[in-house]
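Numbering (the numbering used here), first residue to last: 11 to 105.
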């Protein structure tokens with residue numbers, strides 16, 4: 011789906027009167043802009059475009075994120091910092 015399509019423009023009254031056509035055009039041709047008094051006010055997009063923008067196919071939890079990472083399966087070793095930690099008081103007067 012090409013996201014750089016020309017946006018269709020509709021005045022609000024026309025959009026209300028021809029809603030079915032507007033929705034079909036959003037699906038076939040891309041985003042449809044609705045204007046109120048000549049000012050861009052809203053955009054109607056297809057469900058597929060909405061899902062893409064919303065990240066519907068994104069991992070839902072951290073485990074899925076790591077499993078679907080482009081780095082999954084690579085043998086990467088990280089060195090752990092073995093330096094001692096410093097004592098930090100919770101309250102200002104404990105430092």
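Even glycine gets a Cβ: it sits at the ideal position worked out from N, Cα and C.
Beta-carbon proximity check, residue i vs residue j, cutoff 9 Å
i, j, result
"residue 46", "residue 77", "no"
"residue 33", "residue 53", "no"
Bridge-paired residues (DSSP) for residue i
i, result
"residue 70", "The partner list for residue 70 (beta bridge, DSSP) is empty, contrary to what the question assumes."
"residue 18", "42"
When the options are compared against residue i, the one with the closest alpha-carbon
i, options, result
"residue 38", "57, 52, 69 and 48", "57"
"residue 49", "20, 84 and 82", "20"
"residue 60", "24, 101, 40 and 69", "40"
"residue 24", "73, 36, 96 and 44", "44"
Open item on the list: Which complete beta strand (DSSP E) runs does the stretch 26-88 hold, if anything under 3 residues is left out?
Closed with: 42-46 and 49-54
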